[in-house]
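This report concerns only the one structure given below.
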Amino acid sequence: MKHLPAYNLIVKENILKEELSYKNHVILTYTIKYPEIISDYFRGFLNRLNLYYKFQAESYQKTRIAKLYRLAVENFEYSVANGFPVHTYEVIIEYTVTDNTNCTLSLYFDRYEYTGGAHGITFRNSDTWDLVRGKRMGLEEFFPENKDFIKFVQNEIIRQIEVNIENDENIYFDDYADLVKENFNVKNFFITDSGVVVYFQLYEIAPYASGIQTFLIPYSENLIIPEC
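What the sequence shown shows, in the working numbering, is residues -7 to 220, in sequence order.
Set out below in structure tokens:
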């Protein structure tokens, strides 16, 4: 693996957090965490990136939280009127930085929402940034010599699933091979120091209890780190 320069990025955590009440009952709580990236390098781009993440967090707070609060009020009134237990809605957004040691920054966000029922739902999205060029990176950039990289990645995921099944780790739907191809999204990836990780949302290829499924594609002759 080629040695890349370190740029000493510092990731500071910012939090928007509140408990919202209705008729003296807490009906919605939320915690929204978002990053602020600090470095002596790439200041112009990082300033724009920090504004982007701040805007995303505040926009979610103003729009989605407001909508969920209205739904929580309706649920409260319905539950009280019918003698049902009142469920407190909950939102938690957290992020995980998976690579920030070289000229790239990669991270993913997990957004959990609970609005009653047996369990909440988590949705994941991710970003990988080329800090030198100041742009978002696509999955294709890690496969510069493979024009049919999507098929390669899908086949590798199916191979890994089959290995898991052989090892008595069958946590997938029976038609997993078709589901991998149907639900594969080139945007659903992040990078680590070992390779590219591709993921699938809940219910896409496995039951809820199996969680968000991830598959590591190691750096090799088929997958390389783009040069800075």
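All C-beta atoms in this analysis are idealised placements derived from N, C-alpha and C, irrespective of residue type, glycine included. Owing to the predicted nature of the structure, the values given are computational and were not obtained by experimental measurement.
- 9 Å or more divides the Cβ of Ile183 from the Cβ of Thr107.
- In this structure, Gly126 sits near Arg40, with a CB-CB distance shorter than 9 Å.
- Around the beta carbon of Pro27, 16 or more other beta carbons sit within 10 angstroms, so the residue counts as buried.
- Apart from sequence neighbours up to five positions away, the residues of its chain that approach Glu105 with a beta-carbon distance below 7 Å are Val83, Gly112, Ile113, ordered along the chain.
- Taking the Cβ atoms as the reference, Thr88 lies roughly 6 Å from Tyr100, within the contact range of under 8 Å.
- Using a Cβ distance threshold of 9 Å, Val155 and Phe176 do not count as a contacting pair.
- For the stretch 118 to 199, the continuous beta strand (DSSP E) assignments of 3+ residues that do not extend past its boundaries occur at 181 to 183, 187 to 192, in sequence order.
- Taking C-alpha positions only, Asn94 is separated from Pro77 by approximately 51 Å.
- About 6 Å separates the Cβ atoms of Ile149 and Val190, confirming a contact at the 8 Å cut-off.
- Contact between Ala198 and Ile157 is ruled out by a C-beta separation of about 12 Å, above the 8 Å threshold.
- It is roughly 10 Å from the alpha-carbon of Ala73 to the alpha-carbon of Asn67.
- Residue state for Tyr104 is assigned as strand, using DSSP reduced to three classes.
- Inclusion of Ile30 and Ala64 in the CB contact set at 9 Å is not warranted, their separation being larger than that value.
- The residue among Glu196, Glu10, Leu215 with its C-alpha nearest the C-alpha of Phe115 is Glu196.
- Under the criterion of beta carbons closer than 8 Å, Val188 and Phe134 qualify as touching, at roughly 6 Å.
- When Lys9, Phe192, Lys46, Asp140 are compared, the shortest CA-CA separation from Ala169 is found for Phe192.
- One alpha carbon belongs to Ser51, the other to Ser202, and they sit about 31 Å apart.
- When the five nearest sequence neighbours on each side are left out, the beta carbons in the same chain lying within less than 6 Å of the beta carbon of Ser98 are those of Thr90, Asp91, Thr120, Phe182, Ile183, in order along the chain.
- For His17 and Glu11, the gap between their C-alpha atoms comes out near 10 Å.
- Rounded to whole angstroms, the gap between the alpha carbons of Ile217 and Ile209 is 12 Å.
- Residue environment for Asn6: exposed (fewer than 16 other C-beta atoms within 10 angstroms of its C-beta).
- Each residue's CA atom was taken as its position, placing Thr23 and Leu8 some 6 Å apart.
- Secondary structure note for Glu69: its alpha helix (DSSP H) is the uninterrupted segment 35 to 74.
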